[in-house]
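5 is the number of the first residue of the sequence shown in the numbering used here; add one for each residue after it.
Quick reminder that beta carbons are idealized off the backbone N, C-alpha and C, glycines included.
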Amino acid sequence: MNSECLPKHVAIIMDGNGRWAQKHSLQIAKGHQAGVETLRDIIRESSDLGINTLSLYAFSTENWRRSPMEVAALMSLLLRYFESEIDELDEKNVRIRILGDKQGLPDLQRAAVISAEERTRNNTGLNLCIALNYGGRQEIVRAARSLAEQVRDGRLKADEIDDDVFSRELYTAGLPDVDLLIRTSGEQRLSGFLLWQCAYAEFEFPATLWPDFTLDHYHEALELYQKRDRRFGGRKT
Ligand code: IPE
Ligand code: IPE
Ligand code: MG
5 MNSECLPKHV AIIMDGNGRW AQKHSLQIAK GHQAGVETLR DIIRESSDLG
55 INTLSLYAFS TENWRRSPME VAALMSLLLR YFESEIDELD EKNVRIRILG
105 DKQGLPDLQR AAVISAEERT RNNTGLNLCI ALNYGGRQEI VRAARSLAEQ
155 VRDGRLKADE IDDDVFSREL YTAGLPDVDL LIRTSGEQRL SGFLLWQCAY
205 AEFEFPATLW PDFTLDHYHE ALELYQKRDR RFGGRKT
């Protein structure tokens, strides 16, 4: 792997925990627990590699449709994750940012993620974005609403709205667009993840289930990315 031309922003849809649990005849919660182990490794490696931004899809606005038991298991894992990891992440100079509607989270989880954001806000290492109660359309609609309010209040003119102004209203304000999107488990869809930010992203869909996704798989994905020919609509002569 060439450490010179790594993607600035890697986004990962961590999929396949349920199938992994099923495959091993375990309860779904065990699959999510195993997924957290992978997540730890991938975050550490991204930070060590010097990647600028890593975005992880942890819970979508649609995931509330799952059974109350599974939602509760995910929420409790989330809380435990922040409690156990925050010291190390802070030490590693990681800046945590939550993408999504924090108001819709249960009180304890909301408090934990807000405190993680506050504690790491001046860190200058890896930007770690965790998408929680996140939906890409919801994010875009929220941005449009905010811009409409600014125009209504005379703080902005409609014809001043361009890509940059719009981007600043998104949860990812100030961060680079996604260069590489990885979805594990073989599914080939976005499920609403970072719709705006993925406009020119490269996509990879490894068949590996998230709990089985190793650093070797990650390196392989980064190497594949480095072989891609990104044209952004232009033509190389
Ligand atoms: C992804 O794994 C984790 C979350 C959605 C939180 P899944 O639970 O979607 O795994 P599969 O798709 O059922 O295998
Ligand atoms: C997307 O995975 C959300 C997360 C990984 C958190 P899902 O498993 O919920 O998506 P669908 O339902 O297969 O599209
Ligand atoms: Mg899934």
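Residue i Cβ short of 7 Å to ligand 1 heavy atom set
i	result
W68	no
N21	yes
L60	no
S80	no
F63	yes
G108	no
7 Å CB neighbourhood of residue i in its chain, flanking five on each side removed
i	result
L78	H36 and F63
N97	N127, T128 and G129
S51	K96, V98, G129 and L130
G196	S64, G139, G140 and R141
Residue i beta carbon near ligand 2 (any heavy atom closer than 7 Å)
i	result
S195	yes
I17	yes
E191	yes
Beta-carbon contacts of residue i that lie in its chain and below 6 Å, excluding the five residues immediately before and after
i	result
C133	S59, R101 and L103
G108	N137
M5	H223, L226 and E227
T188	D19, G20, P210, T212, W214 and F217
E87	none
Residue i classed as buried or exposed, judged by whether at least 16 other C-beta atoms fall within 10 angstroms
i	result
Q113	buried
V40	buried
V117	buried
A211	exposed
E95	exposed
F236	exposed
A177	exposed
L82	buried
Contact with chain B by residue i, beta-carbon distance below 8 Å
i	result
R70	Of the protein chains in this structure there is only one, and it is not chain B.
Cβ neighbours of residue i in the same chain (closer than 8 Å, five flanking residues each side left out)
i	result
C202	A15, D181, V182, L185 and L194
E49	L219 and Y222
L174	E143, I144, A147, W200 and Q201
Exercise for the section: Assess, as a yes-or-no matter, whether the segment 5 to 14 is touched by the segment 182 to 191 under the definition of 3 or more beta carbon pairs within less than 8 Å. Expected result: Contact between the segment 182 to 191 and the segment 5 to 14 is present, with at least three C-beta pairs closer than 8 Å.
Exercise for the section: Report yes or no: do three or more beta-carbon pairs, one from the segment 152 to 162 and one from the segment 216 to 225, lie closer than 8 Å? Expected result: no
Exercise for the section: Determine, using beta-carbon pairs with one atom in the segment 129 to 146 and one in the segment 47 to 65, whether at least three such pairs fall under 8 Å. Expected result: Three or more beta-carbon pairs drawn from the segment 129 to 146 and the segment 47 to 65 are found closer than 8 Å, and the two stretches are therefore classed as touching.
Practice task
Could you tell me whether the segment 74 to 94 touches the segment 145 to 155, using the rule of 3 or more Cβ pairs below 8 Å?
Solution key: no
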